[in-house]
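Peer 1:
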Amino acid sequence: MTEAQLPTREPAGATVAERFDHHVAERNQRSARAAVWLTAGLNLGFVVLDRLLTDDPSKLAVLLADRSAIFVAVGALFVAARQPWFARHSAVVTGLYMASIDVALAVMTTQLGGYSSGYYAGINLVTLAAGLLFLWPTRVAAVTHAAAVAAYGLANLPGWEPEQLRDAVMHGFFLTSTAVIATVGQAFSWKQARQQLETQAAVEQTKERLEAAHSELQRLDQFKSAFFANITHELKTPLAMVLSPLELLYQGELGPLGETQKATIRSMLRSGFKLLALIDDLLDLARAEQAGIRLRIAERDLKEHLGSLVQQIEVLARRKDVELTAIWPEGPCLIWCDQDRLERVWINLLSNALKFTPPGGHVWVELRGQGDGVQVQVRDDGPGFPADLAPKLFDRFYQVDMGGTRRYGGAGIGLALARHIVELHGGTISARGDIDKGAEFTVYLPADRAHFGDRAVEEAPHSETERTPSQGDLTRVAVELGAKADYRLLSVAEATERRVVERDVDENQRLWTVLIVEDTPDVIRIVHLALRQHFKVLAAPDGLKGLELALRERPSLIITDLMMPGIDGFELTRRLRAHATTKHVPIIMLTARGAVDDKVMGLESGVNAYLTKPFSPRELLSTARALLDVQETQAELLLTRQMDSLETLTGGLAHEINNPLNYIRNAVARLQMDVDEVVKLSQPGSEGDPSKLTALAQRTRKMADTAEAGVRRIQATVDLMGRYSREGYSRLEREHDVWQAVADVIEVVRPAVGRSVEVVTDLQGSAVLRCVPEELHQALSNLIQNAIEAAPDGTGRVEVSGSVDLRQMTLRICDNGPGIPEEDRQRIFQPFFSTKGPGRGMGMGLTITRQVVAALGGQIRVDAVATGGTCFEVRLPLQRARISQPLG
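The opening position of the sequence shown corresponds to residue 147 in this note's numbering, with each subsequent residue numbered one higher.
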């Protein structure tokens, strides 16, 4: 096998191991060739050195014999490197070659001083050369270099003399160190070469996959463009055949229609025209990507055409209170162009400017000459866009507003199509903008026709009367629809439309009110048509305005989109549910996003029903009625429950007020009698008994105390009702001693209840808490009063105990009364629930107590006592944040 026959390229489809073997063989073959020529050249030079270092003929003969053996080894390697089996055994063959040279050099040292010979350096050179030239596995490198050291040591051992010990140790150490370094270096090179090859293979595989993916993406992109072209082409004809009968219906050609029917057909026509415009844009965009747009050019006056278009659009701009200003040059601006195609560019730029410009804003259109062409500039003072996004605006389907709110809508086709049309005319289009500083679009068009080439298949007629419709496979109806003014300027009309739905004359007579929160006017109109017979319809264009309108108008039902400006439907629902006035209003989410995750998120945020677009008006109306029926049923059920609790509430209120009134009535009667008695005893001539006067004075004071206790209890009842009924009141937090508050409450409540009950207190530690003292007193009063009233009169006992640790305080209030049944303990904190029966409480005290404890960040629970009675336990954290929400 000749050298040329050795493979220089890796075999196709080889594994990493096979590629590495090939790499090793190729590397060692190149190194073998280098070693052959280096050894041959250096060996000749060392022959001269041998002659200079020795004159002994016998020694010189040995040296020459060794040199001859080296030449033989060189020849053997030269031949072996060209054999087929060399690729499989390149490391072993080159290792044997270098070892043979080491042996020859070791024999030379025996003739030139043994261990003291300077020729040991030749072995070092061979070892280093092997480490640099050849790619060996670690075992071959270790054996070869160890053999070199061993050959030196063994060859000189027979002639060893004691005075050579120093040189033997030194030379042996250097030879061994060189061998170790060369072995380690070759092991590292072997491993690194393998890793590099593996990395290269991985990179090549990745590159192949990327190239395949890129080719597939290109194929899919071409397929997608062809699909767009085909499907939009097929959609235009049936859509035109739908729009034509609708137009006849709307014009009354098929019989008279009412206003409701006309409004419905008008909305259908508008949506049909919008869909037709979108299909046209998609079709042209697909044609542009496939170089399928053919221009029909003629020399036109751009100033005249653009001026006429601006006049038509100016009327629409005034609807939005946007000022449209045009700046024209002197004289005509003649250019060769496809006027109809360019009109779509101007309409797109103007509709975008009007859409993004808020009411009261300004839009400018300026036409001026620019070199050998013309320049058209459209700018506005709207919200603008980040400057770094300017190049992306002309990408297909890209929009600045790509998030979930979809504030400005659109499909991201218009500017991409505008760029294609401008480039077909040999021009350029660019954008410039900044946040809150408006946007500016500039179009440059050359005036001549030389740049068109074969893109202009024919010259268009100069007059409209000469123009004939293009037949192709589209019907005449579609062509006629394409020429309608409202179809041409539909995007501008959408951008400037401020009126969403017309108000019904009799809308205030409707039983219910529905709020539609939707940023697409056409959807609002459809929902309005579906619900107007049963609802007064309100509309909001975005989430924030919808929230404001809902809080102000308090509608019976809310229908919201998901993707909206301001805040999306999920956030709107969460805010409505968090507000007291709208938390119970039914909400229907009506959106095009029908994924399961979206539905789950909607229901979790508080939506009552989730409908997807396109939707059935009957389904929407049925869902709205069902939700309102459920709401009315719940309201009736709540009313029934409230009426059922009216007896308990009324009885409890009567009890809470009647008993203190009896105290006051009896005390006042007794006071009246005692006053009369004192008057008699104080009259002149009467014999007043001092002891009797003293008894009357004591009884008078007791009656006054009784009357005062009754007044305090009535006041407490009034305060209780006021605290429960108010939405909130001004509160002031401050540090307060809880144990002192407990003692004060006991002193106030025990005489007011008027029962002979023993109250024992055991309050340990210092319980100082930051709170609203009035609220804490109210909670403690409810618990202590309930315990005293539950304990038996005469033998009753109430134990109030408290403890404090590093983090919280614990208060327990236990009585020896009859206790609370297990089933009642589950409901004890519910509003208006009471175990006392009619006339003995309102059932609000424990509800308010729980609210107070929760506001303080604590917990309250009720437990049964094994020996009979009830025990309430309150745990409050001593270190807590300030109260942020008032009690309800």
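Ideal Cβ positions, reconstructed from N, Cα and C, are used throughout, including at glycine.
Out of curiosity, what's the CA-to-CA distance linking Glu-450 and Gln-521?
Peer 2: Taking the sequence shown and counting its residues from 1, the one referred to as residue 450 is at position 304. Taking the sequence shown and counting its residues from 1, the one referred to as residue 521 is at position 375. The straight-line gap from Cα to Cα measures roughly 15 Å.
Peer 1: Got a sec? Which residues, its chain only, sit under 8 Å from Asp-518 by beta carbon, not counting five neighbours each side?
Peer 2: In the sequence shown, residue 518 corresponds to position 372, counting from 1. Within the same chain, Asp-518 has close Cβ partners Pro-592, Ala-593, Asp-594.
Peer 1: For the alpha helix (DSSP H) that Ile-269 lies in, which residues bound it at each end?
Peer 2: Against the sequence shown, residue 269 aligns to sequence position 123. From DSSP, the alpha helix (DSSP H) with Ile-269 extends over 266 to 279.
Peer 1: Along the chain, where does the alpha helix (DSSP H) containing Val-295 start, and where does it finish?
Peer 2: Sequence index remark: in the sequence shown, residue 295 carries index 149 (1-based). Note, Val-295: alpha helix (DSSP H), 284 to 302.
Peer 1: Pairing CB atoms from the region 199 to 207 with CB atoms from the region 181 to 191, are three or more of them under 8 Å?
Peer 2: These segments do not touch.
Peer 1: If you draw a straight line from the C-alpha of Met-387 to the C-alpha of Ile-559, how long is it?
Peer 2: Here the question's residue 387 lines up with position 241 in the sequence shown. Here the question's residue 559 lines up with position 413 in the sequence shown. Answer to the nearest angstrom: the Cα atoms are 25 Å apart.
Peer 1: According to DSSP, is Ser-576 part of a helix, a strand, or is it coil?
Peer 2: As a working note, residue 576 is residue 430 in the sequence shown. Ser-576: strand per DSSP, three-state reduction.
Peer 1: Which runs of the beta strand (DSSP E) fall wholly inside the region 665 to 701 and span at least 3 residues, in chain order?
Peer 2: Runs of the beta strand (DSSP E) inside the region 665 to 701: 681 to 686.
Peer 1: One question on the structure: do Gly-712 and Thr-737 come within less than 8 Å of each other, judged by their Cβ atoms?
Peer 2: The residue labelled residue 712 in the question sits at position 566 within the sequence shown. The residue labelled residue 737 in the question sits at position 591 within the sequence shown. It is not a contact, given that the beta carbons lie outside the stated cut-off.
Peer 1: Compare the Cα-Cα distances from Val-208 to each of Ile-670, Ala-250, Leu-441, Gln-910 and report the closest residue.
Peer 2: Locating residue 208 in the sequence shown gives position 62, counting from the first residue. Comparing Cα positions, the closest option is Ala-250.
Peer 1: Identify whether Val-1008 lies in helix, strand or coil by the three-state DSSP scheme.
Peer 2: As a first step, residue 1008 must be located in the sequence shown, where it is residue number 862. Of the three classes helix, strand and coil, the one that applies to Val-1008 here is strand, per DSSP.
Peer 1: Taking the runs of the alpha helix (DSSP H) that are 4 residues or longer, which of them lie wholly in the region 173 to 236?
Peer 2: Runs of the alpha helix (DSSP H) inside the region 173 to 236: 203 to 226.
Peer 1: How many angstroms separate the CA atom of Thr-642 from the CA atom of Pro-687?
Peer 2: Against the sequence shown, residue 642 aligns to sequence position 496. Against the sequence shown, residue 687 aligns to sequence position 541. Rounded to whole angstroms, Thr-642 to Pro-687 spans 13 Å at the Cα level.
Peer 1: Using DSSP with H/G/I as helix, E/B as strand and the rest coil, what is Ala-843?
Peer 2: Looking up residue 843 in the sequence shown gives position 697. Helix.
Peer 1: Return the CA-CA distance between Pro-760 and Lys-420, expressed in angstroms with no decimal places.
Peer 2: Taking the first residue of the sequence shown as 1, we reach residue 760 at position 614. Taking the first residue of the sequence shown as 1, we reach residue 420 at position 274. Straight-line Cα distance between these residues: approximately 16 Å.
Peer 1: Using 10 angstroms around the beta-carbon of Ser-497, count the other beta-carbons present and answer buried if the total reaches 16, otherwise exposed.
Peer 2: Walking along the sequence shown from the start, residue 497 turns up at place 351. Ser-497 comes out buried.
Peer 1: Only counting the same chain, and skipping five residues up and downstream in sequence, which positions put a Cβ closer than 7 Å to that of Met-548?
Peer 2: Here residue 548 is taken as the residue at index 402 of the sequence shown, counted from 1. Its pLDDT being 42, under 50, Met-548 is placed unreliably in this model, and the coordinates cannot settle the point.
Peer 1: Name the residue from Gly-572, Asp-951, Pro-1023, Ile-575 whose alpha carbon lies nearest to the alpha carbon of Arg-916.
Peer 2: As a first step, residue 916 must be located in the sequence shown, where it is residue number 770. Of the candidates Gly-572, Asp-951, Pro-1023, Ile-575, the one whose C-alpha sits nearest the C-alpha of Arg-916 is Pro-1023.
Peer 1: Starting from the C-beta of Ala-252, find all residues in its chain whose C-beta is less than 7 Å away, skip the five residues before and the five after it, and write them out in chain order.
Peer 2: Residue mapping note: residue 252 aligns to position 106 of the sequence shown, counting from 1. Counting only Cβ-Cβ distances below 7 Å, and skipping sequence neighbours, we find Ile-269, Ala-297, Tyr-298, Ala-301.
Peer 1: Just how far apart, CA to CA, sit Gly-259 and Val-218?
Peer 2: Within the sequence shown, residue 259 is the residue found at index 113, counting from 1. Within the sequence shown, residue 218 is the residue found at index 72, counting from 1. One C-alpha to the other measures close to 25 Å.
Peer 1: Ile-459 by DSSP, collapsed to three states: which one?
Peer 2: On the sequence shown, residue 459 is found 313 positions in, with the first residue counted as 1. Helix.
Peer 1: Determine the burial state of Ala-770: buried for a count of at least 16 other Cβ atoms within 10 Å of its Cβ, exposed for fewer.
Peer 2: Working through the sequence shown from its first residue, we reach residue 770 at position 624. Ala-770 is buried by the Cβ-count criterion.
Peer 1: With distance defined between alpha-carbon atoms, name the residue in Glu-921, Arg-764, Glu-765, Lys-337 nearest to Ala-1000.
Peer 2: One-based indexing of the sequence shown puts residue 1000 at position 854. Residue Glu-921 is the option with its Cα nearest to Ala-1000.
Peer 1: Taking 8 Å as the threshold (C-beta atoms), are Ala-180 and Leu-279 in contact?
Peer 2: Residue numbering aside, residue 279 sits at position 133 when the sequence shown is read from its first letter. Residue numbering aside, residue 180 sits at position 34 when the sequence shown is read from its first letter. In this structure, Ala-180 lies closer than 8 Å to Leu-279 by Cβ.
Peer 1: Does Pro-984 come out as helix, strand or coil in the three-state DSSP assignment?
Peer 2: If you number the sequence shown from 1, residue 984 lands on position 838. Confidence in Pro-984 is poor, its pLDDT being 48 and thus under 50, which makes the residue's placement unreliable; the coordinate value appears in the next sentence. Three-state result, Pro-984: coil.
Peer 1: Round the Cβ separation of Val-638 and Val-660 to the nearest angstrom and send it over; I've been treating them as touching at under 8 Å.
Peer 2: Locating residue 638 in the sequence shown gives position 492, counting from the first residue. Locating residue 660 in the sequence shown gives position 514, counting from the first residue. Between Val-660 and Val-638 the Cβ distance is about 30 Å, and since that is not below 8 Å, they are no contact.
Peer 1: By the 10 Å Cβ neighbour count, where 16 or more other Cβ atoms means buried, how is Ile-581 classified, buried or exposed?
Peer 2: Numbered from its first residue, the sequence shown carries residue 581 at position 435. Exposed, because fewer than 16 other Cβ atoms sit within 10 Å of the Cβ of Ile-581.
Peer 1: By how many angstroms is the C-alpha of Gly-584 removed from the C-alpha of Gly-507?
Peer 2: Translated into the one-based positions of the sequence shown, residue 507 becomes position 361. Translated into the one-based positions of the sequence shown, residue 584 becomes position 438. Between Gly-507 and Gly-584, the C-alpha separation is close to 10 Å.
Peer 1: By a C-beta neighbour count over all protein chains shown, 10 Å radius and 16 as the cutoff for buried, is Ser-263 buried or exposed?
Peer 2: On the sequence shown, position 117 is the one that residue 263 refers to. Ser-263 is buried by the Cβ-count criterion.
Peer 1: Residue range of the alpha helix (DSSP H) that Pro-919 falls in?
Peer 2: For this step, residue 919 is matched to residue 773 along the sequence shown. Looking at the DSSP string, the run of the alpha helix (DSSP H) that includes Pro-919 is 919 to 936.
Peer 1: For Val-1014, which residues from the same chain have a beta carbon less than 8 Å from its beta carbon, with the 5 sequence-adjacent residues on both sides left out?
Peer 2: Position 868 of the sequence shown, counted from the start, is the residue given in the question as residue 1014. The residue asked about is misnamed: residue 1014 is Gly in this sequence, not Val. Closer than 8 Å at the Cβ level, and outside the excluded window around Gly-1014, lie Asn-962, Gly-963, Pro-964, Gly-965.
Peer 1: Give the secondary structure of Asp-541 by DSSP, where H, G and I count as helix, E and B as strand, and everything else as coil.
Peer 2: Position 395 of the sequence shown, counting from 1, holds the residue named residue 541. In this structure, Asp-541 counts as coil in the three-state DSSP scheme.
Peer 1: Excluding five sequence neighbours on each side, which residues of the same chain lie with their C-beta closer than 6 Å to the C-beta of Leu-909?
Peer 2: Locating residue 909 in the sequence shown gives position 763, where the first residue counts as 1. Result list for Leu-909: Trp-885, Gly-948, in chain order.
Peer 1: Just to confirm the assignment, what range does the alpha helix (DSSP H) spanning His-566 have?
Peer 2: The sequence position of residue 566 within the sequence shown is 420, counting from 1. First-last of the alpha helix (DSSP H) with His-566: 560 to 570.
Peer 1: According to the neighbour-count rule (16 or more other Cβ atoms, all chains shown, within 10 Å of its Cβ), is Ala-245 buried or exposed?
Peer 2: Indexing the sequence shown from 1 puts residue 245 at position 99. Ala-245 is buried by the Cβ-count criterion.
Peer 1: Report the partner residues of Arg-943 according to the DSSP bridge assignment.
Peer 2: Looking up residue 943 in the sequence shown gives position 797. For Arg-943, which the question treats as bridged, DSSP gives the partners Glu-904.
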